[in-house]
Amino acid sequence: MPIHVRELTNDEPFPVKPETNEYEALRFLLSHREYGFTPSEIADQTDISKSSASKTMTRLFEKGLVERSQGAYYVDPDRAEKLKQRLESLDSVVQLFESAPTDDAYAEEGWEEKVPSIDPNGKSGTDETHEPTAEDEAGEIIAELEEDAVEE
Amino acid sequence: MGYQHGHVVSISDPYERRPSRPVVIISDEDCPDHGELYTVAAMTGSEQYGQNRYAVTVEQDEPEVGELLKRSYVEPWATKQVDHSDIRDVHARFGEDTMRRLAKAFAAMVLKG
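One line per chain: the protein sequences are Z and L, in this order.
Residue 1 is where the first sequence starts when you use our numbering, and the numbers rise one by one after that.
Residue 1001 is where the second sequence starts when you use our numbering, and the numbers rise one by one after that.
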């Protein structure tokens, strides 16, 4: 049973890994969202081989990420923006990992267990009763920076 | 479940080869699509990264809620926008003073001063 893309946004890892045929095919369909393509046409316009294209598209279809009609695959226009957002986020996360240093305690297995979870909805003690504008706040910070520079 | 400005959250490796990475959320509800998308700054425990002039040092017990694995460094030069679903867990929340130091590092970087 395909999973609706909205449900895929609920704490589930995106079911497509970067640098795979599925990723490339989905990115291609999102870039050409006005059209439907057969697996052969997708193979012609991407690095996916003709022999892999059908299986790739079937997997994307079974995961509920693409639609199929008359042998052509396409992205539901109502879901295209959200899917694009997911792929962009995936790219961002890959970059975060690629740029991470190796001499890092956070690169060691099991660090998450050593730092307990907190309640994300817990109240902060710093909630302000009045709301200064972003420009006001930035101005204060810049003034502090200038003071710091004078002190140095 | 939404995450908030100042939360230290972990993000999973899409390849599932490595442990997750910590980041701090720097966007808030005034930003478009907050709750679906978050702007985050990378964090590290690497002393070498911590020596960068824009790195913001945060002590292990400094968060207002929760704590860090060890003394850590926020990297203002490494910001990304990530989807809500790519966040796995929330470990701490920075207080206003910490976020203010981070804001100053951003301002110094942007102003190149």
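In this text, a Cβ means the ideal position worked out from N, Cα and C, and glycines have one as well.
Keep in mind it's a predicted model, so treat the numbers as computed, not measured.
For L/S1085 and Z/R68, the rounded distance between their alpha carbons: Here the question's residue 68 of chain Z lines up with position 68 in the first sequence. Here the question's residue 1085 of chain L lines up with position 85 in the second sequence. Roughly 26 angstroms between the two C-alpha positions.
Straight-line gap, Z/I141 to L/Y1054 (C-alpha atoms, nearest Å): Translated into positions along the first sequence, residue 141 of chain Z becomes position 141. Translated into positions along the second sequence, residue 1054 of chain L becomes position 54. Going by the C-alpha atoms only, they are around 15 angstroms apart.
Chain Z within 8 angstroms of L/P1032, Cβ atoms only: What you label residue 1032 of chain L is simply residue 32 of the second sequence in a count that begins at 1. No, L/P1032 does not count as interfacial toward chain Z.
Neighbour list for Z/G122 in chain L, Cβ cutoff strictly below 7 angstroms: Counting from 1 along the first sequence, the entry for residue 122 of chain Z is found at position 122. Under the 7 angstroms cutoff, chain L gives V1065.
Classification of L/V1065 by the beta-carbon crowding that lies within 10 angstroms, buried from 16 upward: For this step, residue 1065 of chain L is matched to residue 65 along the second sequence. Buried.
Which of helix, strand or coil DSSP assigns to Z/A72: The residue labelled residue 72 of chain Z in the question sits at position 72 within the first sequence. Strand at Z/A72.
Min CB distance L/I1025 to chain Z below 8 angstroms: The count along the second sequence starts at 1 and reaches residue 1025 of chain L at position 25. Not an interface residue.
8 angstroms contact criterion, which L/T1079 and L/I1026 should meet: CB distance rounded: Within the second sequence, the letter at position 79 stands for residue 1079 of chain L. Within the second sequence, the letter at position 26 stands for residue 1026 of chain L. Right, the Cβ-Cβ distance comes to about 7 angstroms (below 8 angstroms), so this counts as a contact.
Bridge-paired residues (DSSP) for L/L1037: Within the second sequence, numbered from 1, the residue matching residue 1037 of chain L stands at position 37. Paired residue(s): L/H1034, L/D1083.
Three-pair Cβ contact test at 8 angstroms for the stretch 48-57 of chain Z versus the stretch 78-95 of chain Z: The answer is no - the stretch 78-95 of chain Z does not touch the stretch 48-57 of chain Z, with fewer than three Cβ pairs under 8 angstroms.
Chain Z contact for L/R1093 (CB, 8 angstroms cutoff): The residue labelled residue 1093 of chain L in the question sits at position 93 within the second sequence. So yes, L/R1093 belongs to the interface.
Enclosing alpha helix (DSSP H) for Z/T58 [first to last residue]: The residue given as residue 58 of chain Z occupies position 58 in the first sequence. Segment 50-62, the alpha helix (DSSP H) holding Z/T58.
Rounded distance between the beta-carbons of L/G1095 and L/S1072, thought under 8 angstroms: What you label residue 1072 of chain L is simply residue 72 of the second sequence in a count that begins at 1. What you label residue 1095 of chain L is simply residue 95 of the second sequence in a count that begins at 1. At roughly 15 angstroms, the Cβ-Cβ gap does not stay under 8 angstroms, so L/S1072 and L/G1095 are not in contact.
Opposing strand residues paired with L/Y1073 [DSSP bridges]: Here residue 1073 of chain L refers to the residue found at position 73 of the second sequence. The partner list for L/Y1073 (beta bridge, DSSP) reads L/T1044, L/T1057.
Where the beta strand (DSSP E) containing L/S1010 begins and where it ends: Residue 1010 of chain L sits at position 10 when you count from the first residue of the second sequence. 1007-1011 is the extent of the beta strand (DSSP E) around L/S1010.
Nonlocal neighbours in the same chain, by C-beta distance under 6 angstroms from L/R1101, ignoring five residues either side: One-based indexing of the second sequence puts residue 1101 of chain L at position 101. V1056, listed in sequence order.
Contact set for L/V1008: own chain, Cβ-Cβ below 6 angstroms, skip 5 residues either direction: Here the question's residue 1008 of chain L lines up with position 8 in the second sequence. The residues are P1022, V1024, H1091, A1092.
Proximity to L/V1082 [Cα-Cα], best of Z/K84, Z/K82, Z/E88, Z/L83: In the second sequence, residue 1082 of chain L corresponds to position 82, counting from 1. The shortest Cα separation from L/V1082 among Z/K84, Z/K82, Z/E88, Z/L83 belongs to Z/E88.
Beta carbon proximity, L/T1098 to chain Z, threshold 8 angstroms: Locating residue 1098 of chain L in the second sequence gives position 98, where the first residue counts as 1. So, not an interface residue.
Interface residues of chain L facing Z/P18 [CB-CB closer than 9 angstroms]: Walking along the first sequence from the start, residue 18 of chain Z turns up at place 18. Correct list: P1014, Y1015.
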